[in-house]
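Below is one structure, written out as structure tokens, with a few remarks after it.
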Amino acid sequence: MKKVLQIILLGFATLFFAQKYEAGYFITNDGVKHDATIKNLDWYKNPKDFKYKENTSEEEKTETVANIKEFGITGASKFVRYIGKVNVAAQNLQKLGWEKEPIWKDKTVFLKVLSEGKATLYFLRDEDSENFFVGKNDENIEPLIYVKYFADGSEDNVAKNNLYKTQLMKILNADRNYSKMINNTEYKTSDLTKLFNSYNNVNEAKASNFRKENSVKIHLSARPGVNFSSLSINSTLPDYSNFNSNFDSKATFRMGLEAEFSLPFNNRSWSIILEPTYQSFKSTGTTAANLKAEVDYSSIEIPLGVRYYFNISQKSRMFIDGSFVVANADMNKKLSLESPFFSTAKNYDLESSSNFIFGVGYNYNNKFSIEARVHTERHVLNYLYFNSAFKTTSLVFGYTIF
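In the UniProt record's numbering, the protein residues as written are 1 to 402.
Here it is in structure tokens:
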């Protein structure tokens with residue numbers, strides 16, 4: 001079964017970065033609009049280019065911000081080119097500066113549209129910082145100014161230049177109601193989008209919110225399944241070679257409870273997984289001296305890893321994942337080996353060690369799943385004169401509770 005799983009993993013690895021083409025458009029420098037299908041990467045950082053096809057049989061092409069004024073994916077996202085100054089002052093506490101004024105850098109970038117109407121809100125996340133921009137009545141786009149800095153010569157005194165609030169008062173012609181809302185608006189996506197959507201609706205403009213939910217979603221799943229495990233024991237000393245033993249592969253029950261943290265980018269293709277799992281292996285075998293060998297081994301292991309999904313249809317998704325066992329709690333851990341040199345069997349304690357786990361699976365309707373997994377070999381006998389190899393492949397079924 002292990003070889004079959006490895007072939008499956010290799011095949012699906014070629015699809016690891018596969019993405020869905022979706023209906024969209026782009027506008028070139030000469031103002032011509034082109035309908036196309038665009039590879040939707042649900043970009044975490046604003047893209048500098050994008051891949052597209054103008055018909056299904058055409059080869060994939062790439063366009064860049066130098067040639068494109070605007071592009072969008074229907075019902076998902078819209079990006080507009082901006083040529084001008086961008087504030088690159090650090091916003092991370094470990095990198096803050098001492099000046100309250102922005103640090104400007106001329107850039108040519110795609111801005112993401114968050115709310116569109118009489119006043120349009122744009123967003124830029126790049127390697128330097130996160131910034132918001134505003135455009136009104138087809139006027140030039142301008143940056144909303146926000147700077148965090150150390151004040152009064154002390155790194156214990158973090159201050160904020162909230163000039164963006166003054167800008168918004170002027171740009172939105174704020175009455176008393178909007179003045180209060182603006183004063184309570186923080187320089188972040190959720191607050192600013194809410195403000196602009198409210199403003200655009202009040203002014204009977206068509207407000208389009210292209211912002212997807214940007215929070216981490218948590219899912220909890222029950223994960224019962226079957227392990228196919230084997231164990232081999234080999235002595236590193238000739239005098240102990242009679243203890244060499246092999247325990248054939250045996251099907252045993254396993255049970256896991258998986259917490260999956262779905263990340264809010266790349267169409268939620270990526271997630272972090274944590275799955276405390278009970279596993280056991282109880283078997284009998286024979287030593288090299290043709291005497292009895294017994295093993296009774298069980299533990300709770302805690303793998304932590306990442307998972308990647310790619311869509312097949314609206315309800316069907318394939319996924320691949322990789323985890324590392326970061327902790328183990330041994331329960332039963334007995335190994336008993338008979339020898340012609342001793343009247344009673346020699347007992348040894350087994351001890352779990354960390355290893356990697358790789359899997360490929362199928363998910364239906366975000367509710368039911370099935371996954372095949374391969375575990376890398378583990379050394380479970382911590383004695384200088386013994387080598388051990390505990391091998392496992394798994395078939396895991398999943399039911400998402402929430």
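No residue lacks a Cβ here, since even glycine has one placed at the ideal position from N, Cα and C.
In this text the structure is predicted, and so the values were computed from the model without any measurement.
What does TRP98 pair with, by DSSP beta-bridge criteria?
Walking along the sequence shown from the start, residue 98 turns up at place 98. None; TRP98 has no bridge partner.
What is the DSSP secondary structure of THR185, reduced to helix, strand or coil?
For the purposes of this step, residue 185 is identified with residue 185 of the sequence shown, where counting begins at 1. Residue state, collapsed to three classes: coil.
Quick check: the Cα distance between TYR122 and SER115, rounded to an integer number of angstroms?
Position 122 of the sequence shown, counted from the start, is the residue given in the question as residue 122. Position 115 of the sequence shown, counted from the start, is the residue given in the question as residue 115. Rounded to whole angstroms, TYR122 to SER115 spans 7 Å at the Cα level.
Can you give the Cα-Cα distance for PHE253 and TYR364, rounded to whole angstroms?
Residue mapping note: residue 253 aligns to position 253 of the sequence shown, counting from 1. Residue mapping note: residue 364 aligns to position 364 of the sequence shown, counting from 1. Their backbone Cα atoms lie some 23 Å apart in a straight line.
Once DSSP output is grouped into helix, strand and coil, what is the label at SER198?
What you label residue 198 is simply residue 198 of the sequence shown in a count that begins at 1. Three-state result, SER198: helix.
Taking the alpha-carbon of TYR44 as reference, which of ASN227, VAL295, ASN266 has the nearest alpha-carbon?
By one-based count along the sequence shown, residue 44 stands at place 44. Nearest C-alpha to TYR44: ASN266.
Return the first residue and the last residue of the beta strand (DSSP E) that THR392 is part of.
Position 392 of the sequence shown, counted from the first residue, corresponds to residue 392. First-last of the beta strand (DSSP E) with THR392: 386-400.
Using the beta-carbon count (16 or more within 10 Å), is ILE312 buried or exposed?
Residue mapping note: residue 312 aligns to position 312 of the sequence shown, counting from 1. Exposed is the call here.
Starting from LEU163, trace the alpha helix (DSSP H) both ways and give me its first and last residue.
The residue given as residue 163 occupies position 163 in the sequence shown. Unbroken alpha helix (DSSP H) run through LEU163: 163-171.
Under 8 Å by Cβ, that's how I've got LEU96 and TYR149 pegged, so tell me the actual separation to the nearest angstrom.
Within the sequence shown, numbered from 1, the residue matching residue 96 stands at position 96. Within the sequence shown, numbered from 1, the residue matching residue 149 stands at position 149. The pair is a contact, with the Cβ atoms about 6 Å apart (cut-off 8 Å).
I need the boundaries of the beta strand (DSSP E) containing ILE73, first residue and last residue.
What you label residue 73 is simply residue 73 of the sequence shown in a count that begins at 1. Segment 68-73, the beta strand (DSSP E) holding ILE73.
So, do the region 179-193 and the region 337-352 have three or more beta carbon pairs nearer to each other than 8 Å?
The region 179-193, when compared against the region 337-352, does not touch it at the 8 Å Cβ threshold.
I need the straight-line Cα distance from ASP349 to LYS334, nearest angstrom please.
As a working mapping, residue 349 is identified with position 349 in the sequence shown. As a working mapping, residue 334 is identified with position 334 in the sequence shown. Taking the straight line joining both Cα atoms gives about 5 Å.
Reducing DSSP to helix, strand and coil, say where ASP330 ends up.
Numbered from its first residue, the sequence shown carries residue 330 at position 330. Strand at ASP330.
Are at least three pairs of beta-carbons, each pair with one atom in the region 217-224 and one in the region 159-171, less than 8 Å apart?
The region 217-224 vs the region 159-171: no contact.
Between THR393, THR376, PHE26, which lies nearest to ASP35 when the distance is taken from Cα to Cα?
Here residue 35 corresponds to residue number 35 of the sequence shown, with the count starting at 1. Ranking the options by Cα distance to ASP35, first place goes to PHE26.
Given a cut-off of 8 Å on the beta-carbon distance, is the pair TYR199 and LEU163 in contact?
In the sequence shown, counting from the first residue as 1, residue 199 sits at position 199. In the sequence shown, counting from the first residue as 1, residue 163 sits at position 163. No; because the gap between Cβ atoms is not below 8 Å, this pair is not in contact.
Can you tell me which residues form a DSSP beta bridge with VAL32?
On the sequence shown, residue 32 is found 32 positions in, with the first residue counted as 1. Partner(s): none; VAL32 has no beta bridge.
Quick check on this structure: which residue in ASP49, LEU384, VAL360, GLY72 has the alpha carbon closest to the alpha carbon of residue 444?
Past the boundaries of the shown model lies residue 444; the chain is included only from 1 to 402, so the question cannot be answered.
Buried or exposed for ALA372, going by 16 or more other Cβ atoms inside 10 Å?
As a position in the sequence shown, residue 372 is number 372, starting the count at 1. Per the 10 Å Cβ criterion, buried.
Which residue's Cα is closest to the Cα of ARG317: TYR308, ASN161, VAL325?
Walking along the sequence shown from the start, residue 317 turns up at place 317. Among TYR308, ASN161, VAL325, the Cα nearest to that of ARG317 is on TYR308.
Let me know the secondary structure DSSP gives ASN246 once reduced to three states.
As a working mapping, residue 246 is identified with position 246 in the sequence shown. Correct three-state label for ASN246: strand.
Just tell me which of LEU384, GLY305, ASN366, ILE68 has its CA closest to the CA of TYR399.
Taking the sequence shown and counting its residues from 1, one reaches residue 399 at position 399. Residue ASN366 is the option with its Cα nearest to TYR399.
Thinking PRO143 and SER215 are a contact (beta carbons under 8 Å), I'd like their distance in whole angstroms, please.
Translated into the one-based positions of the sequence shown, residue 143 becomes position 143. Translated into the one-based positions of the sequence shown, residue 215 becomes position 215. That belief does not hold up - the Cβ atoms of PRO143 and SER215 are roughly 26 Å apart, past 8 Å.
What is the rounded straight-line gap between the Cα of LEU237 and the Cα of PHE368?
The count along the sequence shown starts at 1 and reaches residue 237 at position 237. The count along the sequence shown starts at 1 and reaches residue 368 at position 368. Their Cα atoms are separated by approximately 50 Å.
If we ignore side chains and look at the alpha-carbon of each, how far apart do GLU59 and LYS53 end up?
Here residue 59 refers to the residue found at position 59 of the sequence shown. Here residue 53 refers to the residue found at position 53 of the sequence shown. Going by the C-alpha atoms only, they are around 7 Å apart.
Under 8 Å, do ILE273 and VAL325 count as touching if we go by C-beta distance?
In the sequence shown, counting from the first residue as 1, residue 273 sits at position 273. In the sequence shown, counting from the first residue as 1, residue 325 sits at position 325. Cβ distance not < 8 Å, so ILE273 and VAL325 don't count as in contact.
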